[in-house]
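Chemist: Just passing along the structure, written as structure tokens.
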Amino acid sequence: MKKSTKEKIWVYLEGFMQGLINKYDPKVLKDEVLEKILFDPKQGNYKPFHVALIPKELLRMQSFFRSFSTSLGQGVFEYIARIVAEDSGKWEKVLRNARFEATASSNVQSFVDKFLEDVVSKKVQPYPVSLPKPMDSAKKMIVVDLYLYDGEVHYFIEIKSPKPNKDQTRRTKEKFLYLLATYENAKTYYAFPYNPYGEEKSNYKWSFTKMYFDLNSEVLIGSEFWDFIGGRGTYSELLKLFRKFGEKRGREITKRLITGEG
1 MKKSTKEKIW
11 VYLEGFMQGL
21 INKYDPKVLK
31 DEVLEKILFD
41 PKQGNYKPFH
51 VALIPKELLR
61 MQSFFRSFST
71 SLGQGVFEYI
81 ARIVAEDSGK
91 WEKVLRNARF
101 EATASSNVQS
111 FVDKFLEDVV
121 SKKVQPYPVS
131 LPKPMDSAKK
141 MIVVDLYLYD
151 GEVHYFIEIK
161 SPKPNKDQTR
171 RTKEKFLYLL
181 ATYENAKTYY
191 AFPYNPYGEE
201 KSNYKWSFTK
211 MYFDLNSEVL
221 IGSEFWDFIG
231 GRGTYSELLK
241 LFRKFGEKRG
251 REITKRLITG
261 EG
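Here the sequence shown is numbered in the numbering used here, starting from 1 and rising by one per residue.
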């Protein structure tokens with residue numbers, strides 16, 4: 001990655017982390033309020049023995065980490081992916097959260113619905129698929145996390161958590177089928193920023209993803225994803241940047257969360 005790309009990502013991480021730290025600062029979120037949030041009896045989460053034993057500082061750190069993990073998967077990776085792709089020089093066009101017009105033809109809709117049912121019942125494989133040509137002009141709008149164009153092929157990419165639920169996975173597959181039925185020279189990818197099962201793609205085991213997608217042809221995981229959008233070595237450089245940020249800001253973040261001072 002270029003030095004300027006790393007600087008952009010660093011600045012973004014600074015803002016992202018600062019926002020979370022401010023949210024969990026002891027001066028802002030008092031211990032008693034945090035306890036009520038974490039152990040709310042109205043939500044069936046009342047745990048008096050946990051509250052009695054666990055240090056308040058640990059509860060705050062745990063809550064911060066949960067919020068961090070959720071926030072990281074909701075937009076952060078998308079934003080960084082756009083920066084990486086734009087600065088790579090590989091693509092003529094890079095768009096994030098872009099809207100595309102796709103066919104909503106009745107015959108295509110019928111095909112997609114049946115195809116997805118057949119995939120679940122294992123009557124057909126999820127890939128490849130031969131889509132029918134639209135028989136009417138009905139249209140629908142579809143939003144994709146990341147769109148890349150290299151002058152020949154349109155790449156539609158959804159960037160999600162590596163353990164998506166069944167409904168989310170089905171909706172993504174459905175979205176891709178409509179796009180493929182609309183655009184010639186198009187390729188779709190379900191992308192995961194990292195592999196929770198280790199670095200090897202062959203170790204990935206999440207059943208819902210494997211139900212609706214062919215891992216080798218339709219899914220990009222970890223280094224495969226980052227190197228695809230940013231060029232060879234992007235994944236390792238990005239991890240180094242994250243480690244450097246963590247090493248430089250880690251103690252400061254911990255102190256701020258525990259004492260409110262930084």
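Just so it is clear, CB atoms sit at the ideal spot from N, CA and C, and this is done for glycine as well.
(1) With ILE54 as the anchor, note down where its beta strand (DSSP E) starts and where it stops.
(2) Candidates GLN18, VAL120, ALA181 and LEU58: which alpha carbon is nearest ASP167's?
(3) For the ligand PLP, any of its heavy atoms closer than 8 Å to the Cβ of ALA186?
(4) Within 10 Å of its beta-carbon, does SER105 have 16 or more other beta-carbons around it, so buried, or fewer, so exposed?
(5) Considering only DSSP beta bridges, list what ILE142 is partnered with.
(6) Taking PRO193 as the reference, give the member of TYR24, ILE157, PHE77 and LYS27 with the closest Cα.
(7) According to the neighbour-count rule (16 or more other Cβ atoms, all chains shown, within 10 Å of its Cβ), is TYR147 buried or exposed?
(8) Over what stretch of residues does the alpha helix (DSSP H) that includes TYR263 continue unbroken?
(9) Could you check which residue in TYR212, TYR197, LEU241 and ASP31 has the C-alpha nearest to that of ILE221?
(10) Around the C-beta of GLY230, are 16 or more other C-beta atoms found within 10 angstroms, so that it is buried, or is it exposed?
(11) With PHE225 as the anchor, note down where its alpha helix (DSSP H) starts and where it stops.
(12) Quick one: complete beta strand (DSSP E) runs, 3+ long, within the region 162-215?
(13) On the DSSP letters alone, give me the boundaries of the beta strand (DSSP E) that TYR155 sits inside.
(14) So, are the CB atoms of LEU257 and GLU14 less than 9 Å apart?
(15) In the structure shown, what three-state DSSP assignment does TYR24 receive?
(16) What is the C-beta distance between LEU20 and SER67, in whole angstroms, given that I count them as a contact (C-beta under 8 Å)?
(17) Ends of the alpha helix (DSSP H) at GLY89?
(18) Consult DSSP for LEU59 and reduce its assignment to one of helix, strand or coil.
(19) Please report the straight-line C-alpha distance between LYS23 and GLY250, rounded to a whole angstrom.
(20) Who are the near neighbours of ILE253 in its chain, counting only those whose CB is closer than 7 Å to its CB and skipping five residues on each side?
(21) Just tell me which of TYR235, GLU158, MET135 and GLN109 has its CA closest to the CA of ALA98.
(22) Measuring only the C-alpha atoms, how far is GLU199 from GLY44?
(23) If we ignore side chains and look at the alpha-carbon of each, how far apart do PHE208 and ARG171 end up?
Modeler: Judging by the given coordinates:
(1) Careful: ILE54 lies outside any beta strand (DSSP E) and carries neither H nor E.
(2) It is VAL120.
(3) What this structure holds is no ligand at all, so the ligand PLP is not there to describe.
(4) When all chains shown are included, SER105 counts as buried.
(5) Secondary-structure assignment with DSSP links ILE142 through a beta bridge to PHE100.
(6) Nearest of TYR24, ILE157, PHE77 and LYS27 to PRO193, Cα basis: PHE77.
(7) Buried, by the Cβ-count rule.
(8) In this structure the chain extends from 1 to 262, so residue 263 is not present and cannot be described.
(9) Of the listed residues, the one whose Cα sits closest to ILE221 is TYR197.
(10) So GLY230 ends up on the buried side.
(11) Per DSSP, the continuous alpha helix (DSSP H) segment holding PHE225 begins and ends at 223-230.
(12) DSSP runs (the beta strand (DSSP E)) wholly in the region 162-215: 186-192.
(13) Unbroken beta strand (DSSP E) run through TYR155: 154-159.
(14) No; because the gap between Cβ atoms is not below 9 Å, this pair is not in contact.
(15) In the displayed model, TYR24 falls within a helix according to three-state DSSP.
(16) Contact holds; Cβ gap of about 6 Å.
(17) No alpha helix (DSSP H) contains GLY89, which DSSP labels as neither H nor E.
(18) Correct three-state label for LEU59: helix.
(19) Distance between the alpha carbons of LYS23 and GLY250 is about 17 Å.
(20) The beta carbon of ILE253 is closer than 7 Å to those of MET17 and ILE21 in its chain, skipping five residues each way along the sequence.
(21) Residue GLU158 holds the alpha-carbon nearest to the alpha-carbon of ALA98 among TYR235, GLU158, MET135 and GLN109.
(22) Within the model, the alpha-carbon separation for GLU199 versus GLY44 is close to 37 Å.
(23) Their Cα atoms are separated by approximately 12 Å.
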